[in-house]
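Its first residue numbered 1, the sequence shown is counted upward by one per residue in full-length UniProt numbering.
Beta carbons: idealized from backbone N, C-alpha and C, even for Gly.
Bear in mind the structure is a predicted one, so any value in this text is a computation, not a measurement.
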Amino acid sequence: MTTTAEEKWGFGPWANEPDRDQWTDETTGIECLAVRHDRSGHWSGYVAVPPGHPWFGADYVDLPREDLDVHRGLNYSRAGDTILGLSTTRDDGLWWFGFSCDHVGDLTPAEIVNDKYALLEGVYRDLRYVRRECVRLAEQITEANR
């Protein structure tokens, strides 16, 4: 049985969001994926590079930081068979890079419903925000391949 964000954390800006969204960016042709964390409800965003891209197989810590500007920086790199234990919809040998929205300045649904937000300053990063960040990262990845 699938539990929706609203069932798990009650009403909030996450109530009408899915827990997962995968698409191909129209401008760059890069695969993008957004996944909601099961326990805290924050979003993580991922973009894929194909074989032949200079970053294919690279660890995110080895990428040139000056070339990247994405929410709080990258914190994930792995082959596309699984992301957070979930199979990607389109497993075709891609290498994924990701970022998460559970850092200082971010609020998660779990923090909000447990009243922890009263002590914290931050913003819930919604799916629309994560999609924009994925597209920005896809543009940067495309630029790095030129």
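(message) Suppose you measure from the CA of E133 to the CA of N114; what does that come to, to the nearest Å?
(response) Each residue's Cα considered, the two are about 27 Å apart.
(request) Entirely within the region 11-98 and at least 3 residues each: give me those beta strand (DSSP E) ranges in chain order. (result) Taking only runs of at least 3 residues, the beta strand (DSSP E) segments lying wholly in the region 11-98 are 20-24, 31-36, 43-49, 76-79.
(request) Using the Cα positions of R20 and E26, report the straight-line distance between them to the nearest angstrom. (result) Cα to Cα, R20 sits roughly 19 Å from E26.
(message) Let me make sure I understand the geometry here. Which of L63, R131, P13, V104 has the alpha-carbon closest to that of S77?
(response) Measuring from the Cα of S77, the nearest candidate turns out to be L63.
(request) Give the secondary structure of T2 by DSSP, where H, G and I count as helix, E and B as strand, and everything else as coil. (result) Here the model assigns T2 a pLDDT of 49, short of 50, so the residue's position is not dependable and the matter cannot be decided.
(message) Can you look up V104 in the DSSP assignment and give me helix, strand or coil?
(response) Note: V104 maps to coil in three-state DSSP.
(message) Can you find the residues in the same chain that come closer than 7 Å, C-beta to C-beta, to G57, ignoring five residues on each side of it along the sequence?
(response) Leaving aside the five residues that flank G57 on each side, the residues in its chain whose CB is nearer than 7 Å to its CB run, in chain order, W95.
(message) Could you tell me the alpha carbon to alpha carbon distance between N16 and G122, rounded to whole angstroms?
(response) One C-alpha to the other measures close to 21 Å.
(request) Apply the 10 Å Cβ neighbour rule to E111 and answer buried if 16 or more other Cβ atoms are within range, or exposed otherwise. (result) Classification of E111: buried, given that the 10 Å Cβ count is 16 or more.
(message) Please classify E31 as buried or exposed, where buried requires at least 16 other C-beta atoms within 10 Å of its C-beta.
(response) E31 comes out buried.
(message) Across the region 7-15 and the region 48-57, are there enough close Cβ pairs to call them in contact, namely three or more that are closer than 8 Å?
(response) Touching, no, given that fewer than three Cβ pairs across the two stretches are closer than 8 Å.
(message) For Y124, which residues in the same chain have their Cβ closer than 8 Å to its Cβ, ignoring the five residues on either side in sequence?
(response) Listed in chain order, the non-local C-beta contacts of Y124 below 8 Å within the same chain comprise G12, P13, W14, D106, L107, T108, P109, I112, local neighbours out to five positions each way being set aside.
(request) For Y129, write down the residues that DSSP places opposite it in a beta bridge. (result) Answer by DSSP bridge pairing: none, since Y129 is not bridged.
(message) For T2, which residues in the same chain have their Cβ closer than 6 Å to its Cβ, ignoring the five residues on either side in sequence?
(response) Low local confidence applies: a pLDDT of 49 at T2 is under 50, so the model's placement there is unreliable, with the coordinate-based value given in what follows. So no residue of the chain qualifies.
(request) Compute the Euclidean distance between the alpha carbons of Q22 and N75, then round it to the nearest angstrom. (result) Roughly 19 Å between the two C-alpha positions.
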